[in-house]
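*Asks:*
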Amino acid sequence: MAVRAVVGDISPLALTFGRWLIASIVLVPFVWRKMSSEWHQLKHHWKSLVVVSAFMTVGSSLAVIAVYFTSATNAVIVNAAQPAVTAVIAWIVAREFLSFRQGVGVTCAFIGILTMISRADPAALLALDINAGDPVMLIAVVGWSLYAVYLHRRDYLPSADILLFIIALTGAVILLPFYLIEAAIVGPFTLNTNVIISMSYMAVFPTLLATFFWNFSVRSLGANRATIFINLIPVFGAAFAMIFLGEQLFSYHIIGAVLIFVGILLSVRKREMA
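Reading the sequence shown from the start, the letters are residues 676 to 949 in our numbering.
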């Protein structure tokens with residue numbers, strides 16, 4: 676919603692560059708002194724840390740760009756493929772396999788998402804148009820999946836706030852030349868209240884807080900088990916729409932949510948509990 680609110684006020688490159696820059700600046704006071712105590716390890720591992728961070732920043736940045744050129748429904752459907760994409764990448768990179776139960780869980784959750792966004796009408800899915808932003812969102816999903824797999828496999832990671840700073844700084848550095856080229860061609864954006872609020876929201880919530888908790892979950896659960904929780908996005912979206920927009924609760928909401936929760940339960944239960 677924050678992205679949609681400023682579609683006419685700021686370009687996707689400017690918005691996503693701004694979110695990483697603001698996040699970097701916010702983190703500086705918290706990590707400046709701590710980095711000195713971890714400097715030896717950071718200097719030794721900085722190249723691999725930048726590569727891992729680039730997967731996250733490129734994925735997140737492309738997701739913002741994709742929303743400008745596709746519908747929210749299409750974005751949710753493509754995003755729902757992340758557990759399956761992560762499973763494929765985990766198999767290629769680390770020879771990690773989904774168990775049969777986890778495969779059923781991923782499939783069940785995906786069907787739940789399709790049920791919610793189609794309102795239990797298969798014809799609605801067939802009527803969806805393919806937009807220019809859909810392949811961009813798919814590349815973003817691949818970036819997130821690569822990040823999750825490589826993050827989980829790393830032997831060394833800095834403290835959580837320093838890792839966040841490296842990710843945010845990497846994003847700002849990668850996007851800076853692209854933003855400067857865009858600004859030279861079409862001109863800089865106008866800083867109005869709408870842009871300030873949206874950019875600040877993007878920097879704090881989807882960037883700092885969400886990335887922090889995502890890092891924690893991936894390190895604790897593993898890439899395959901953590902990414903299944905991405906499928907909760909439409910559940911929370913529907914719940915917030917009912918609370919804040921007064922939308923009604925329908926049977927397809929309940930059926931879809933139940934399928935998603937069952938899928939998550941099947942995916943995250945430990946093998947010895949199966």
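Note that beta-carbon positions come from the ideal geometry of N, C-alpha and C, so glycine has one too.
Being a predicted model, the structure only gives us computed values, none of them experimental.
Report yes if the C-beta distance between T782 and I740 is below 9 angstroms; otherwise report no.
*Replies:* Against a cut-off of 9 angstroms, the Cβ pair of I740 and T782 comes out as no contact.
*Asks:* Using 8 angstroms as the cut-off, can you tell me whether the region 827-840 makes contact with the region 720-738, which would need three or more C-beta pairs spanning the two stretches below that distance?
*Replies:* Flag = yes, the region 827-840 and the region 720-738 touch.
*Asks:* Going straight from the alpha carbon of G931 to that of S728, what length do you get?
*Replies:* The alpha-carbon atoms of G931 and S728 are separated by roughly 33 angstroms.
*Asks:* DSSP three-state call for Y876: helix, strand or coil?
*Replies:* Helix, per DSSP.
*Asks:* At which residue ranges does the region 752-782 contain complete alpha helix (DSSP H) runs of 4 or more residues, listed in the order of the chain?
*Replies:* The region 752-782 contains these whole alpha helix (DSSP H) runs: 757-769.
*Asks:* On the CB-based measure, 16 or more other CB atoms within 10 Å of its CB, does M676 come out buried or exposed?
*Replies:* Low confidence applies here, because M676 scores a pLDDT of 49, under 50, leaving its location unreliable and the question unanswered by this model.
*Asks:* Can you give me the Cβ contacts of S942 inside the same chain, cut-off strictly under 7 angstroms, excluding the 5 residues immediately before and after it?
*Replies:* The residues are Q777, G780, V781, R900, I903.
*Asks:* Rounded to whole angstroms, what's the CA-CA distance from E947 to S774? Just pull it up for me.
*Replies:* Per-residue confidence for E947 stands at a pLDDT of 43, beneath the threshold of 50, marking its modelled position as unreliable; the derived number appears in the next sentence. Roughly 12 angstroms separates the two Cα atoms.
*Asks:* Quick test of your reading: F785 and A738, contact by CB under 8 angstroms. State the CB separation rounded to the nearest angstrom.
*Replies:* Rounded, the Cβ-Cβ distance is 18 angstroms, inconsistent with contact.
*Asks:* Is T748 near G808, with beta carbons less than 9 angstroms apart?
*Replies:* Going by C-beta atoms, T748 is not nearer than 9 angstroms to G808.
*Asks:* Roughly how many angstroms lie between the CA atoms of F772 and V726, to the nearest whole one?
*Replies:* For F772 and V726, the distance between alpha carbons rounds to 24 angstroms.
*Asks:* Consider the C-beta atom of S875 and the heavy atoms of the ligand HEM; say whether any pair is separated by less than 8 angstroms.
*Replies:* Only the bare structure without any ligand can be found here, which leaves the ligand HEM out of the picture.
*Asks:* Checking 9 angstroms against the spacing of the C-beta atoms, do L940 and T790 come in under that value?
*Replies:* Contact flag unset, no.
*Asks:* Does the Cβ of A762 have 16 or more other Cβ atoms within 10 Å, making it buried, or fewer, making it exposed?
*Replies:* By the neighbour-count rule (16 or more Cβ atoms within 10 Å), A762 is buried.
*Asks:* For V910 versus S820, is the C-beta spacing smaller than 9 angstroms?
*Replies:* Going by C-beta atoms, V910 is not nearer than 9 angstroms to S820.
*Asks:* Between the region 684-699 and the region 860-878, do three or more beta carbon pairs fall short of 8 angstroms?
*Replies:* The answer is yes - the region 860-878 touches the region 684-699, with three or more Cβ pairs under 8 angstroms.
*Asks:* What are the start and end residues of each continuous alpha helix (DSSP H) run of 4 or more residues lying completely inside the region 809-849, in chain order?
*Replies:* Complete alpha helix (DSSP H) runs here, min 4: none at all.
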